[in-house]
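Here's the structure we're looking at; comments come further down.
2 protein chains.
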Amino acid sequence: MGVKERKERDRQEMRETILQSAHQLFVDKGFDDVSIRNIAEAIEYSPATIYLYFKDKNEIFYALHGEAFKRFNEFMGVLATIKDPFKRLIKMGELYMEFTFKFPQYYDIMFIMQAPMDCDKNSEEWKEGESAHCQLENVVKECQGHNYFKNKDYKTLSFLIWSTMHGMCSLALRDRLKIYEEAERSKMIDKSFKMFKQILSDL
Amino acid sequence: MGVKERKERDRQEMRETILQSAHQLFVDKGFDDVSIRNIAEAIEYSPATIYLYFKDKNEIFYALHGEAFKRFNEFMGVLATIKDPFKRLIKMGELYMEFTFKFPQYYDIMFIMQAPMDCDKNSEEWKEGESAHCQLENVVKECQGHNYFKNKDYKTLSFLIWSTMHGMCSLALRDRLKIYEEAERSKMIDKSFKMFKQILSDL
DNA sequence: TTATTAAAATGAACACTGTTTAGTAAATTT
DNA sequence: AAATTTACTAAACAGTGTTCATTTTAATAA
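Listed in order, the protein sequences are those of chains E and Z. Heads up: the first sequence begins at 85 in my numbering, then just goes up one per residue. Heads up: the second sequence begins at 85 in my numbering, then just goes up one per residue.
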C-alpha cells in the first residue's frame, strides 16, 4: 500500500529534477534568459509538464531564491571559526563581496531582481533569507558587547551596513562604475571597502 | 533648397515624438512592461516605423537613461542655494531619496536595470550622468575644505556615500525590506539615513 | 503636368516568450 | 478485463523584439 507514498516521492523527485536543471541554466544565463522551454528541453519533457509541478515561472524563482540563500549561508559558514565579533563582521563583508562576484546570478535573484516578494514567511526559502539577515544583526549586537557601535541601534546599523555593501556590489554588478577610468574602477570597490572598515572601527 | 534641412528637422521631430510617448509609458509601467508595439500604438504608427528612428529597444533605453539623469539634475537644482557644503551634502541625500521614491522608473533605468552600458562617453546622455556624479564628488571635496572628512580620499568617500544611498534606496525599491515588520519597515529608511548623517558628521 | 526616382511607412512574417487546454497514453484500482 | 485515475503532451493563445518585401507618399526631372 506504499503506492501513494512512492508517487509522492516521485513527485518530489521530479520537482527536484526540474529545479536542478533550472538552477544550472539560471546560474549560467540568468533568470530572464532562461525560458520554460529551455528547462523542458533540458529535462526532456514537454514545457507543459513543468506546470504540473510549478504554478508558474515565479514559483521556480522562489525556489531558486531560497536555494541561493542556502548557498549564501553555507558560504558564510567560515565565520563560525572567528571568535572576535568585529573581525567576524569584517570577514562577513569580505565574504559578501566574494559571493556577489563569484555567483552574480544568485546575488541578482537574492537582492536585485524585481519579483513579487509576497512569499510565505513560514516557508523554508524565507527562513534561509531571514537567517542570513539575522546573522548580521547578531554579529553587530555582539560587537556592541565589545565596545563597538556605542549608542547605536543595532538593527538600524545592521541595515545601514547591509545597504552599503549592497550598494557597492549591485552598482558594480550592474556596470554602473563605468564613470571611473578602467584603472581605478577595479580598485574602487577595494578602496571603498577599506575605508568602510576604517569608519566602522572608529564608530 | 531647404528640403534636406526640413527633412532632418522632421526626422528629429519624429524621434522626439517617439521618445515622448515612450517616456510617458515607461514612467507609468516601467521599461520591461512597455513594448515597441505599445509605443507604436501610442504614436499611431506601425511598430516597424520605430525601427526607422531607433536601432532597437536598447537605443530607446539609452535615450531615456539620459532623460532620467537630466530630470535628476534638475531635481537637484535646489542645492545651488545651499552655501554650507555639508548641509548641501545632506540635502543631496534627502533629494536622492525623494527622487527615488517619486520616480522609481527613472531610478530603475538609471541605477538598477541590466543593460549594455557600453554607451558613447561623449554623448549628451552620458554627460548628464557624469555631471550628477561630479556634483557629489565636488561637494565632498568642498566639505574637506570645511574640516570634514579629514585624511579621506574624496573620490573613494564619494563612492562610499553613493553606495550607501543606492543600497538603501534600491533595497527598498526592490521590496527587500519585507524582513522587517510592517511598522518598522516604513521607518527603517529614515532611521538609517539619520544614523548615516550622524556618522558622516563625525567623520 | 506627368513620369521617374527617392524616402517613408507598413503588413506580414520569424523566432521567440509564458501559459492554458483538450486530448492521449500509461498506471492503478475495481 | 474494464473502469478510473494519473501523467503527460501537442497545439494553441496572446504576447514579445525584430526584419523585410511591398506599398504609399513625397520630391525631383522631363
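Positions of the beta carbon are idealized from the N, C-alpha and C atoms, including for glycine.
Just reading off the alpha helix (DSSP H) that residue i is part of, what are its end residues?
| i | result |
| --- | --- |
| Ile127 (chain Z) | Ile120 to Ile127 |
| Arg155 (chain E) | Lys141 to Phe159 |
| Val223 (chain Z) | Glu208 to Gln228 |
| Gly251 (chain E) | Tyr238 to Leu257 |
| Tyr135 (chain Z) | Pro131 to Tyr137 |
| Tyr191 (chain Z) | Pro188 to Tyr191 |
Once DSSP output is grouped into helix, strand and coil, what is the label at residue i?
| i | result |
| --- | --- |
| Leu284 (chain E) | helix |
| Glu268 (chain Z) | helix |
| Met197 (chain E) | coil |
| Ile102 (chain E) | helix |
| Met85 (chain Z) | In this prediction, Met85 (chain Z) has a pLDDT of 49, which is less than 50 and means its spatial position is unreliable; what the coordinates show is noted afterwards. DSSP places Met85 (chain Z) in coil when its eight states are reduced to three. |
| Leu163 (chain Z) | helix |
| Arg172 (chain Z) | helix |
| Ile273 (chain Z) | helix |
| Phe233 (chain E) | coil |
| Gly114 (chain Z) | coil |
| Arg93 (chain E) | helix |
| Lys278 (chain E) | helix |
| Leu179 (chain E) | helix |
| Leu261 (chain E) | coil |
Residue j and residue i - do their beta-carbons sit closer together than 8 angstroms?
| i | j | result |
| --- | --- | --- |
| Lys239 (chain E) | Met279 (chain Z) | no |
| Ser247 (chain Z) | Thr248 (chain E) | yes |
| Phe159 (chain Z) | Leu179 (chain Z) | yes |
| Gly251 (chain Z) | Gly251 (chain E) | yes |
| Ile127 (chain Z) | Thr101 (chain Z) | yes |
| Pro169 (chain E) | His107 (chain E) | no |
| Ser276 (chain Z) | Phe243 (chain E) | yes |
| Ala163 (chain E) | Arg155 (chain E) | Contrary to the premise, residue 163 (chain E) reads as Leu rather than Ala in this sequence. The answer is no: Cβ separation not under 8 angstroms. |
| Leu103 (chain Z) | Asn122 (chain Z) | no |
| Ala199 (chain Z) | Asn142 (chain Z) | yes |
| Ile193 (chain E) | Phe115 (chain E) | yes |
| Ile273 (chain E) | Ile196 (chain Z) | no |
Can a CB atom of chain Z be found closer than 8 angstroms to the CB of residue i?
| i | result |
| --- | --- |
| Gln198 (chain E) | yes |
| His149 (chain E) | no |
| Thr101 (chain E) | no |
| Lys154 (chain E) | no |
| Met272 (chain E) | yes |
| Ser254 (chain E) | yes |
| Ile193 (chain E) | no |
| Ile120 (chain E) | no |
| Leu244 (chain E) | yes |
| Leu287 (chain E) | yes |
| Ser276 (chain E) | yes |
| His217 (chain E) | yes |
| Lys236 (chain E) | yes |
| Ile134 (chain E) | no |
| Ile123 (chain E) | no |
Does the CB of residue i have a neighbour CB from chain E at under 8 angstroms?
| i | result |
| --- | --- |
| His250 (chain Z) | yes |
| Met85 (chain Z) | Interpretation of Met85 (chain Z) is limited by its pLDDT of 49, a score under 50 that renders its predicted location unreliable; the figure taken from the coordinates is listed afterwards. By this cut-off, Met85 (chain Z) is not an interface position. |
| Gly213 (chain Z) | yes |
| Ser247 (chain Z) | yes |
| Ile174 (chain Z) | no |
| Arg260 (chain Z) | yes |
| Lys113 (chain Z) | no |
| Met279 (chain Z) | yes |
| Thr240 (chain Z) | yes |
| His107 (chain Z) | no |
| Ile263 (chain Z) | yes |
| Ile127 (chain Z) | no |
| Ile81 (chain Z) | With chain Z covering only 85 through 287, there is no way to say anything about residue 81 (chain Z). |
| Ile144 (chain Z) | no |
Just to confirm, does residue i get its C-beta within under 7 angstroms of one of the non-hydrogen atoms of the ligand MG?
| i | result |
| --- | --- |
| Tyr146 (chain Z) | Of ligands this structure carries none, so the ligand MG is not represented either. |
Quiz item: Taking three-plus beta-carbon pairs below 8 angstroms as touching, is the region 221–229 of chain Z in contact with the region 253–266 of chain E?
Solution: No, because fewer than three Cβ pairs between the region 221–229 of chain Z and the region 253–266 of chain E fall closer than 8 angstroms, the two stretches do not touch.
Counting beta carbon pairs with one atom in the region 180–195 of chain E and one in the region 137–151 of chain E, are three or more of them shorter than 8 angstroms? Contact between the region 137–151 of chain E and the region 180–195 of chain E is present, because at least three Cβ pairs lie under 8 angstroms.
query: Are three or more beta carbon pairs between the region 271–286 of chain Z and the region 163–178 of chain Z nearer than 8 angstroms?
result: A contact exists between the region 271–286 of chain Z and the region 163–178 of chain Z.
| So, do the region 264–278 of chain E and the region 260–269 of chain Z have three or more beta carbon pairs nearer to each other than 8 angstroms? | With a cut-off of 8 angstroms, the region 260–269 of chain Z and the region 264–278 of chain E do not count as touching, because too few Cβ pairs lie within range.
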